[in-house]
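Engineer: Top to bottom, those sequences are chains H and D.
Going by the UniProt record's numbering, the first sequence opens with residue 1, and the numbers climb by one from there.
Going by the UniProt record's numbering, the second sequence opens with residue 1, and the numbers climb by one from there.
Even glycine gets a Cβ: it sits at the ideal position worked out from N, Cα and C.
There are 2 protein chains.
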Amino acid sequence: MKTIKLNKRPVGTPQLSDFKLETEEKPQIKAGEMLLKATYISVDPYLRGRMSDAKSYIAPFELNKAMSSGMIAEVLESNLDNFSKGDFVSGMLEWKEYQSSNGEGLIKVDAHQAPLSAYLGVLGMTGLTAYLGLTEIGKPKAGETVVVSGAAGAVGSIVGQIAKLLGCRVVGIAGSDEKVEQLKSEYAFDEAINYNSTTNMSQAIADACPNGVDVYFDNVGGEISDAVMLNVNRFARIIVCGAISLYNETSVPMGPRVQPILIKNSVLMQGFIVSNYMEKFAEAVPQLAQWLGEGKLKFTETVVEGFENTPQAFIDLFEGKNKGKMIVKI
Amino acid sequence: MKTIKLNKRPVGTPQLSDFKLETEEKPQIKAGEMLLKATYISVDPYLRGRMSDAKSYIAPFELNKAMSSGMIAEVLESNLDNFSKGDFVSGMLEWKEYQSSNGEGLIKVDAHQAPLSAYLGVLGMTGLTAYLGLTEIGKPKAGETVVVSGAAGAVGSIVGQIAKLLGCRVVGIAGSDEKVEQLKSEYAFDEAINYNSTTNMSQAIADACPNGVDVYFDNVGGEISDAVMLNVNRFARIIVCGAISLYNETSVPMGPRVQPILIKNSVLMQGFIVSNYMEKFAEAVPQLAQWLGEGKLKFTETVVEGFENTPQAFIDLFEGKNKGKMIVKI
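1) Excluding sequence positions up to five away, which residues of its chain have a Cβ less than 7 angstroms from the Cβ of Leu165 of chain H?
2) For the structure I just gave you, are there three or more beta carbon pairs, one from the stretch 161 to 180 of chain D and one from the stretch 140 to 150 of chain D, closer than 8 angstroms?
3) By the DSSP assignment, the beta strand (DSSP E) with Pro286 of chain D in it spans what residues?
4) Could you tell me if Ala59 of chain H is buried or exposed, where buried requires 16 or more neighbouring beta carbons within 10 angstroms of its beta carbon?
5) How about Pro260 of chain D: is its C-beta nearer than 8 angstroms to some C-beta of chain H?
6) Distance check for Val228 of chain D and Val43 of chain D, CA to CA, integer angstroms please.
7) Compute the Euclidean distance between the alpha carbons of Asn194 of chain D and Ala188 of chain D, then round it to the nearest angstrom.
8) Ile273 of chain D touches chain H at which residues, Cβ-Cβ below 8 angstroms?
9) Please tell me whether Asp226 of chain D and Pro256 of chain D are closer than 8 angstroms, where the distance is taken between their beta carbons.
10) Do you know how far the Cα of Val11 of chain H is from the Cα of Gly133 of chain D?
11) Which full runs of the beta strand (DSSP E) of 3+ residues lie inside the stretch 44 to 99 of chain H, going along the chain?
12) I'd like to know if Met67 of chain H contacts chain D, where contact means its C-beta is closer than 8 angstroms to some C-beta of that chain.
13) Going by other Cβ atoms of all chains shown within 10 Å of its Cβ, with 16 needed for buried, is Pro210 of chain D buried or exposed?
14) Does Pro253 of chain H have its Cβ less than 8 angstroms from a Cβ in chain D?
15) By DSSP, does Gly138 of chain D sit in helix, in strand, or in coil?
16) Compare the C-beta of Asn102 of chain D against all C-beta atoms of chain H and say whether one is closer than 8 angstroms.
17) Measuring alpha carbon to alpha carbon, tell me which residue in D:Val89, D:Phe88, D:Ala154, D:Met71 is nearest Gly242 of chain D.
18) Could you confirm whether any beta carbon from chain H is found closer than 8 angstroms to the beta carbon of Ser52 of chain D?
19) According to a CB-to-CB cut-off of less than 9 angstroms, which residues of the stretch 106 to 127 of chain H neighbour chain D?
20) If the cut is a Cβ gap below 8 angstroms, which residues of chain D does Arg234 of chain H touch?
21) In chain order, what residues of the stretch 212 to 223 of chain D put their CB closer than 8 angstroms to some CB of chain H?
22) Can you confirm whether Pro210 of chain H, when its beta carbon is compared against all beta carbons of chain D, has any partner nearer than 8 angstroms?
23) Check the DSSP bridge columns for Asn211 of chain H and list the partner residues they point to.
24) Using the rule of at least 16 other Cβ atoms within 10 Å of the residue's Cβ for burial, across every protein chain shown, is Ser17 of chain H buried or exposed?
25) Name the residue from D:Glu62, D:Thr23, D:Ala114, D:Glu136 whose alpha carbon lies nearest to the alpha carbon of Ile238 of chain D.
26) Tell me whether Glu301 of chain D sits in a helix, a strand or coil according to DSSP, three-state version.
27) Exposed or buried, Asp214 of chain D, counting other C-beta atoms within 10 Å across all chains shown (16 or more means buried)?
28) Cβ of Ala38 of chain H within 8 angstroms of Cβ of Glu97 of chain H?
29) Examine the Cβ distances between the stretch 90 to 105 of chain D and the stretch 21 to 30 of chain D and report whether three or more of them are shorter than 8 angstroms.
30) Please say whether Asn196 of chain D and Gly222 of chain D have beta carbons closer to each other than 8 angstroms?
31) Classify Leu262 of chain H as helix, strand or coil using the three-state DSSP reduction.
32) Could you list which residues in chain H have their beta carbon closer than 7 angstroms to that of Val240 of chain D, in chain order?
33) Is it the case that the Cβ atoms of Phe217 of chain H and Val285 of chain H are separated by a distance below 8 angstroms?
34) If we call anything under 8 angstroms between Cβ atoms a contact, is Ser84 of chain D one with Val109 of chain D?
35) Alpha carbon to alpha carbon, what distance is there between Ala236 of chain H and Tyr272 of chain H?
36) What did DSSP end up calling Lys26 of chain H once you bin it into helix, strand or coil?
Okay, here's the thing in structure tokens:
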């Protein structure tokens with residue numbers, strides 16, 4: 001069986017050579033364990049942070065050990081009471097075709113309720129990040145203007161749709177005309193801006209937000225966020241969820257200082273990590289599932305086939321090659 | 001009678017030539033008015049923002065019109081029921097030796113309860129800023145570490161003392177050995193750092209905060225704040241109250257981007273303006289007065305004599321020539 005390990009810590013943008021594909025013995029399970037076969041692997045920008053050894057909220061990956069991320073797996077054999085052969089589970093698992101598990105941290109998912117991959121996306125970490133980041137920090141009120149960057153990505157596309165469901169004006173920022181078109185036609189964003197074809201982003205945001213920006217859901221950081229900051233209203237809330245434009249920087253990224261804007265406009269800016277809000281998952285998941293079931297929440301997936309293509313799928317995130325959730329199907 | 005007007009909008013650090021001293025007719029009061037004589041004028045860093053015409057939370061001063069700020073004045077004559085000759089009032093007033101007022105926005109202050117100037121400081125905007133910024137945004141818990149910059153200033157020195165009263169470890173950052181000594185001996189700060197004699201501020205903060213920084217009350221912005229940011233704990237709260245190091249910049253100040261730190265540590269950063277918290281004043285003022293009465297809250301004033309010296313007193317703030325609250329006595 002195959003496994004993908006961290007070969008080197010990336011300098012700048014991750015390269016294929018930072019990973020290595022190895023062959024290992026398929027595990028035998030013992031009492032209190034089950035045997036899992038990987039079905040779907042989620043690749044997410046935040047994994048870039050774990051590939052470095054800087055101190056962070058989550059331990060770095062170890063060199064020469066398997067990478068891990070959110071995955072869906074099928075139970076092939078089980079010595080556990082609460083998991084049976086044929087079940088599908090979701091949770092943090094290793095990038096291995098087969099692995100044993102004692103079931104800790106895994107939840108069963110129902111392939112009849114939603115497509116299995118959705119449990120990595122709209123019904124999983126992605127959807128929870130969008131919903132809880134928006135509602136717990138952004139606290140948008142009907143009629144307010146919500147701007148989201150990385151808007152065509154996994155989290156951003158859900159954020160925008162939820163903000164619409166909450167009665168807000170929603171403006172998305174994305175990197176191609178095709179994505180902009182999708183945001184407006186499929187996801188019903190009020191406006192969308194292609195940052196790759198816009199020279200004056202601050203003006204474009206001002207034009208798209210005639211009443212200013214009340215909530216900014218930031219997935220990207222960098223110059224796009226600088227432009228949004230120039231348009232924030234008094235008492236604006238900024239959910240600092242991701243900074244994909246900065247993850248591959250090799251020196252400390254510099255930019256305009258935010259303090260004067262925060263003071264002038266009494267702005268709140270808060271770093272968001274979904275795992276801080278675990279106590280809210282039990283109410284959030286049914287809400288997301290209900291919207292999904294009612295057809296009010298749509299999702300897009302970019303599905304890459306083949307276990308060995310997981311590193312390339314991850315690398316492609318940084319070029320925005322995905323629309324919606326990037327997933328590897330095994 | 002004399003008045004001080006805005007002569008020019010400052011470029012960079014304010015100069016005396018940005019102000020002009022003029023002579024005007026002493027006003028005659030009408031029905032529904034009282035005649036006030038200026039007693040104390042508060043000069044505060046935030047006034048720098050009002051001297052520019054950039055959009056902000058408060059309207060800019062108008063050219064060729066009197067400046068204004070927090071002041072204490074004596075009632076010389078009154079046609080109002082609720083103010084009598086001999087009363088002292090506090091509120092936003094114009095930089096004029098004499099002025100008429102209809103009483104709106106003014107409160108009576110009691111010279112027997114505290115020295116009159118204290119109503120501009122610890123019992124006024126300064127004390128309210130310190131107390132409400134710290135408690136409403138910082139929410140310090142006993143045992144946590146609170147760092148305050150501009151620590152020997154009007155707001156900072158109160159912040160540190162209140163944080164001590166709330167059971168925190170308190171570390172101050174100030175600009176001279178004399179101020180550092182005062183913070184430790186008079187105000188009982190646990191540690192204090194002279195940024196002018198420290199080459200590695202980040203290391204100095206790490207040394208002074210062995211358990212990291214939970215709350216940062218930021219009065220200064222700039223490189224001092226960059227150094228504090230490198231030491232914040234998970235779930236740290238940053239009160240962005242002032243950015244005196246940036247107010248006189250003539251171009252957009254640049255610095256390390258904060259987003260990666262906010263994400264990694266789930267940090268909250270929020271711009272604070274005391275007037276947003278008016279509904280809390282009624283509970284905050286008695287608390288401050290109680291601590292003051294019990295001798296638990298000390299305050300320092302730098303008192304400049306003479307109405308015409310108000311612009312110089314204001315300019316001196318940016319060189320840190322004040323200890324504690326800078327006040328002009330007329």
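Structural biologist: From the atom records:
1) Answer for Leu165 of chain H: Trp291, Lys296, listed in chain order.
2) yes
3) Per DSSP, Pro286 of chain D belongs to no beta strand (DSSP E); it is in the alpha helix (DSSP H), 281 to 293.
4) exposed
5) Cβ-Cβ to chain H under 8 angstroms: yes for Pro260 of chain D.
6) 27 angstroms
7) 16 angstroms
8) Ile263, Ser266
9) yes
10) 41 angstroms
11) 68 to 78, 88 to 94
12) no
13) exposed
14) yes
15) helix
16) no
17) Ranking D:Val89, D:Phe88, D:Ala154, D:Met71 by Cα distance to Gly242 of chain D puts D:Ala154 first.
18) Answer no: the Cβ-Cβ gap between Ser52 of chain D and chain H never drops below 8 angstroms.
19) Residues: none.
20) Tyr57
21) Asp218, Gly221, Gly222
22) Answer no: the Cβ-Cβ gap between Pro210 of chain H and chain D never drops below 8 angstroms.
23) DSSP output for Asn211 of chain H lists no bridge partner at all.
24) Its Cβ having fewer than 16 others within 10 Å, Ser17 of chain H is exposed.
25) D:Glu136
26) Looking at Glu301 of chain D - three-state DSSP - the assignment turns out to be strand.
27) buried
28) Using a Cβ distance threshold of 8 angstroms, Ala38 of chain H and Glu97 of chain H count as a contacting pair.
29) yes
30) no
31) helix
32) Against chain H, the beta carbon of Val240 of chain D has neighbours under 7 angstroms at Gln259, Leu262, Ile263, listed in chain order.
33) no
34) no
35) This sequence places Phe at residue 272 of chain H; Tyr is not what is there. Cα to Cα, the separation comes out at about 16 angstroms.
36) Lys26 of chain H carries a coil assignment under DSSP once its states are collapsed to helix, strand and coil.
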